[in-house]
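Asker: Let me begin by handing over the structure; questions about it come next.
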Amino acid sequence: MRYVIIGIGPAGMAAADAIREIDEKSELVMITSEEVAGYSKPLITYFLGGKVDEKRMFYRFPWCFEEKNISVMTGTEIVQVDPNEKRVISKRGEEIPYDKLLIATGGSPFVPKIEGVEKEGVFTFTQWKDSKMVASYIVENNVAKAVVLGGGLIGLKTTEALLELGLKVSVVELADRILATTFDKKASQIMTRALQSRGCEVYTDDTVVQVKGKRKVSKVLLKSGREIKTKLLIIAVGVRPNVGFLEGSGIEVNRGVIVNERMETNVENVFAAGDCAEFRDPSTGESTNIAIWPVAFAEGEVAGYNMAGRPVKYQGGVPMNSVELAGLATISVGFTNVEDNGVEILKYFKEEENVYRKLVLKDGRLIGAVFVGDIDRAGIYTGLILQKVDVSSFKNDLLREDFGLVYLPKEYRKKLMEGELKVWLE
Amino acid sequence: MKKKKILVKEEYCIGCRLCEIYCVTAHSESKNLIKVFRYELGEVAPTVIVEEKEYTTFAVQCRHCEKASCVQACITGAMHRDNGTGAIYVDQEKCVGCWMCIMVCPYGVIKRGVNKKKVASKCDLCVDREMPACVENCPNEALVLTEVGES
Ligand SMILES: Cc1cc2nc3c(=O)[nH]c(=O)nc-3n(C[C@H](O)[C@H](O)[C@H](O)COP(=O)(O)OP(=O)(O)OC[C@H]3O[C@@H](n4cnc5c(N)ncnc54)[C@H](O)[C@@H]3O)c2cc1C
Chain H
1 MRYVIIGIGP AGMAAADAIR EIDEKSELVM ITSEEVAGYS KPLITYFLGG KVDEKRMFYR
61 FPWCFEEKNI SVMTGTEIVQ VDPNEKRVIS KRGEEIPYDK LLIATGGSPF VPKIEGVEKE
121 GVFTFTQWKD SKMVASYIVE NNVAKAVVLG GGLIGLKTTE ALLELGLKVS VVELADRILA
181 TTFDKKASQI MTRALQSRGC EVYTDDTVVQ VKGKRKVSKV LLKSGREIKT KLLIIAVGVR
241 PNVGFLEGSG IEVNRGVIVN ERMETNVENV FAAGDCAEFR DPSTGESTNI AIWPVAFAEG
301 EVAGYNMAGR PVKYQGGVPM NSVELAGLAT ISVGFTNVED NGVEILKYFK EEENVYRKLV
361 LKDGRLIGAV FVGDIDRAGI YTGLILQKVD VSSFKNDLLR EDFGLVYLPK EYRKKLMEGE
421 LKVWLE
Chain F
1 MKKKKILVKE EYCIGCRLCE IYCVTAHSES KNLIKVFRYE LGEVAPTVIV EEKEYTTFAV
61 QCRHCEKASC VQACITGAMH RDNGTGAIYV DQEKCVGCWM CIMVCPYGVI KRGVNKKKVA
121 SKCDLCVDRE MPACVENCPN EALVLTEVGE S
């Protein structure tokens, strides 16, 4: 048996661990187009901001792969998958045979068509090498001011790092508020104020239409007509699944690679997981592509077990994220922006302390939660969301300051305490 | 592998909070109860949580789950299982305080650390002691240590 995994992110690494849990001996090859394997992508903003050094960037150190008898091929971009011959082909022309293949290629940043976008000083921000390039560009060009296009999580985490470095930052967001896809209006407003209080400018309902300068960026022109002087433009408007190289392979792709609850694609012996995969839920027929670390990890693990012959099913996850910006911790879980009739909203806001909590209920169940400022015990709510617990009997306790396990129905608490509930996203 | 596990017996808990006091002492610099409460409270906090509602009360700390969602969600690799003890620890050097673990722990037993480092803080089953401090000092056996798994 020969396993091949394309991609060394959380999905690929969790899959490799799952395979090795069952099968210690078979050949296992992991391939990445990047020069470094085993680092953590979400840490690249911390690296730029100087919060994490070279050594702490590694989620897995290179020798951990060796220890598990995994061969790693870095700097190897796969350009074709050939299921008939059961091999993948690299840009350099290497042919790598497989018996079981996992596609865990994650996503690539999307770059909108903007006049002048090819100038020096324009960067996307999703790989360690981006972080290193931006860091040296700032030093070499004495950059004191940056523009970040995109007020989503990646854009704002990058903003945070730039502020940390003492730069002035302007965030430009096309939607009417930052964090529009993950957080609700109130949370966006609180975060906007927090960023502004740190000297960051936030422009919403706007976008960059032109990058000016000779060879290098000197200013950007916004749709609103405003011009901002800057030597650095970071583009963080979204990430798209890396699936282009699958064209012609016969593997079914929609937004991402379509997989079932075992992370199998439509092609035998080919699996997919993580940001590049689109999970089609057999119970609803709906498919989702939730591009977050825990989901990538969970899907990768399910894929790994199934590849090694242990039948495990993925139950599906919900979007969720946690981030600390401008000194404010925030968590958002599930569906936080729904406003149709059947939905009940519970919330409170303590303005002086910037503390905000909102819960979204539907049909007696919790479907979403937002926390700003005070995130303590947020996971209890996540548990209720994932386990689809009927919360109607203790609805009025949900926002108590001392809310905890003691307010949960005894039956649920007992199961939880005895470790009988599956809290792992699998 | 034999694994230590603390059982929570809510029917025996009297809410005396001694577990909290001994937890914080065991994890302090001085290990001295009086000094801890005088000088060290900005540095350490208990990792066991006592909950109370009417006549129900119990203490709960990290369950060291078989499949732990905090490990799954951790973006740094700081949250990890120790192969020797089977318990789950936070590598304080690696943790960046992104709070993904707080977001997913269904027990709500991971806290933001109180000291300057601002990293995740949770029960470590008192690694350097035979018996976890909370269990040892519970007067009513509402926290009990067992061993699970094969030896
Ligand atoms: C700045 C930043 C901050 C983030 N912060 C968070 C956060 O706080 N919380 C959170 O949940 N998520 C966060 N994310 C998202 C998270 O990083 C992703 O969801 C996760 O990394 C996806 O894992 P994956 O294994 O599917 O893919 P990736 O981690 O993207 O890994 C893909 C791998 O595939 C390789 N690859 C791609 N194409 C090819 C090819 N053709 N040939 C060979 N190799 C290839 C890549 O080199 C890489 O090794 C963040 C992302 C970024 C960029």
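So the sequence lines, in the order shown, correspond to chains H and F.
Numbering-wise, our numbering puts 233 at position 233 of the first sequence, and it's gapless, one number per residue.
Numbering-wise, our numbering puts 4 at position 4 of the second sequence, and it's gapless, one number per residue.
Even for Gly, the Cβ is constructed at its ideal location relative to N, Cα and C.
Fully enclosed by the region 95–176 of chain H, which alpha helix (DSSP H) runs are 4 residues long or longer?
Answerer: List check, alpha helix (DSSP H) in window: 128–140, 153–164.
Asker: Starting from Glu67 of chain H and walking both ways along the alpha helix (DSSP H), at which residues does that stretch end?
Answerer: Unbroken alpha helix (DSSP H) run through Glu67 of chain H: 62–67.
Asker: Could you pull the start and end residues of the beta strand (DSSP E) that Ala277 of chain H belongs to?
Answerer: Element bounds for Ala277 of chain H: 277–280.
Asker: Closer than 9 Å by beta-carbon distance: list the chain F residues that pair up with Ser322 of chain H, in chain order.
Answerer: Ala73, Cys98, Trp99, Met100, Cys101, Ile102, Met103, Val104, listed in chain order.
Asker: Please work out which residues of its chain come closer than 7 Å, Cβ to Cβ, to Trp293 of chain H, disregarding the five sequence neighbours upstream and downstream, and give them in chain order.
Answerer: The answer, listed in chain order, is Pro10, Pro42.
Asker: Do the CB positions of Thr336 of chain H and Gly379 of chain H come within less than 7 Å of each other?
Answerer: Cβ distance not < 7 Å, so Thr336 of chain H and Gly379 of chain H don't count as in contact.
Asker: Have a look at Cys65 of chain F and Lys410 of chain H and give me their C-alpha separation to the nearest angstrom.
Answerer: In a straight line, the C-alpha of Cys65 of chain F is about 20 Å away from that of Lys410 of chain H.
Asker: Within its chain, find whatever has a CB closer than 6 Å to the CB of Asn69 of chain H; leave out the 5 residues flanking it on each side and keep chain order.
Answerer: None.
Asker: Identify the contact partners of Trp293 of chain H in chain F, using a Cβ-Cβ distance below 9 Å as the criterion.
Answerer: Near Trp293 of chain H (Cβ distances below 9 Å), the residues of chain F are Gln72, Ala73, Cys74, Ile75, Met100.
Asker: CB of Ile427 of chain H to nearest heavy atom of ligand 1: below 6 Å?
Answerer: Since the displayed chain H opens at 1 and closes at 426, residue 427 of chain H lies outside it and no answer follows.
Asker: What's the call for Ile22 of chain H, buried or exposed, on a 16-neighbour Cβ count within 10 Å?
Answerer: Ile22 of chain H comes out exposed.
Asker: Please list, in chain order, all residues of the same chain as Lys119 of chain H whose beta carbon is under 7 Å from its beta carbon, the five residues on each side excluded.
Answerer: Within the same chain, Lys119 of chain H has close Cβ partners Val211, Gly213, Arg215, Lys216, Val217.
Asker: Between which two residues does the beta strand (DSSP E) containing Thr146 of chain F stretch?
Answerer: Residues 143–148.
Asker: If we define contact as Cβ-Cβ less than 7 Å, is Ile22 of chain H a contact residue for chain F?
Answerer: Not an interface residue.
Asker: Here's a check: name, in chain order, each residue in its chain whose Cβ is nearer than 8 Å to the Cβ of Arg280 of chain H, leaving out the five neighbours to either side.
Answerer: Closer than 8 Å at the Cβ level, and outside the excluded window around Arg280 of chain H, lie Ile258, Val259, Asn260, Glu286, Ser287.
Asker: To be precise: take each residue of the region 51–69 of chain F, compare its Cβ to all Cβ atoms of chain H, and keep it if any distance is under 8 Å. Which residues remain?
Answerer: Residues Glu51, Glu52, Lys53, Thr56, Thr57, Phe58, Val60, Arg63, Cys65, Glu66, Lys67, Ala68, Ser69.
Asker: Taking 7 Å as the threshold (beta carbon to beta carbon), is Tyr356 of chain H in contact with chain F?
Answerer: So, not an interface residue.
Asker: Quick one: grab the DSSP three-state call for Asp390 of chain H.
Answerer: Strand at Asp390 of chain H.
Asker: Quick one: which chain H residues come within Cβ less than 9 Å of Val8 of chain F?
Answerer: Near Val8 of chain F (Cβ distances below 9 Å), the residues of chain H are Met417.
Asker: Out of F:Gly42, F:Tyr89, F:Arg112, point me to the one whose CA is closest to Cys98 of chain F's CA.
Answerer: Taking only the C-alpha atoms, the option nearest Cys98 of chain F is F:Arg112.
Asker: Return the residue from the list F:Ala59, F:Ile49, F:Ala45, F:Phe37 that minimises the CA-CA distance to Val8 of chain F.
Answerer: When only C-alpha atoms are compared, the closest one is F:Ala59.
Asker: So the candidates are H:Met13, H:Met263, H:Ala326, H:Glu67; which of them puts its Cα closest to the Cα of Ile190 of chain H?
Answerer: The shortest Cα separation from Ile190 of chain H among H:Met13, H:Met263, H:Ala326, H:Glu67 belongs to H:Ala326.
Asker: CB Glu11 of chain F to CB Ser28 of chain F, shorter than 7 Å?
Answerer: No, the pair does not count as a contact, with Cβ atoms beyond the cut-off.
Asker: Could you give the distance in angstroms between the alpha-carbon of Ile138 of chain H and the alpha-carbon of Glu227 of chain H?
Answerer: Answer to the nearest angstrom: the Cα atoms are 21 Å apart.
Asker: Any chance the region 399–407 of chain H sits against the region 119–133 of chain F, with 3 or more Cβ pairs inside 8 Å?
Answerer: Output reads no: the region 119–133 of chain F does not touch the region 399–407 of chain H.
Asker: Tell me the rounded alpha-carbon separation between Asp17 of chain H and Met307 of chain H.
Answerer: About 12 Å.
Asker: Tell me whether Met436 of chain H is buried or exposed, calling it buried when 16 or more other Cβ atoms sit within 10 Å of its Cβ.
Answerer: Coverage of chain H is limited to positions 1 through 426, which leaves residue 436 of chain H absent and any answer about it impossible.
Asker: Looking at the structure shown, is Pro132 of chain F part of a helix, part of a strand, or coil, going by DSSP?
Answerer: Pro132 of chain F: coil per DSSP, three-state reduction.
Asker: According to the neighbour-count rule (16 or more other Cβ atoms, all chains shown, within 10 Å of its Cβ), is Ser136 of chain H buried or exposed?
Answerer: Per the 10 Å Cβ criterion, exposed.
Asker: How would you list, in chain order, the residues of chain F whose beta-carbon sits under 7 Å from the beta-carbon of Tyr407 of chain H?
Answerer: Ordered by position in chain F, the residues that pass the 7 Å Cβ test against Tyr407 of chain H are Lys53.
Asker: If you measure from the CB of Ser33 of chain H, is any heavy atom of ligand 1 nearer than 6 Å?
Answerer: For ligand 1, at least one heavy atom lies less than 6 Å from the Cβ of Ser33 of chain H.
Asker: By how many angstroms is the C-alpha of Gly309 of chain H removed from the C-alpha of Gly84 of chain F?
Answerer: Taking the straight line joining both Cα atoms gives about 27 Å.
Asker: Let me check one thing: in DSSP terms, what residues is Ile89 of chain H bridge-paired to?
Answerer: H:Gln80, H:Glu95.
Asker: Please name the residue or residues paired with Pro241 of chain H in a DSSP beta bridge.
Answerer: Pro241 of chain H is bridged to H:Gly107.
Asker: Shorter than 7 Å from the beta carbon of Lys2 of chain F to some beta carbon of chain H?
Answerer: Judged by the 7 Å Cβ criterion, Lys2 of chain F is not in contact with chain H.
Asker: Provide the residue span of the alpha helix (DSSP H) that contains Tyr22 of chain F, from first to last.
Answerer: It spans 18–26 - the alpha helix (DSSP H) in which Tyr22 of chain F sits, taken as one unbroken run.
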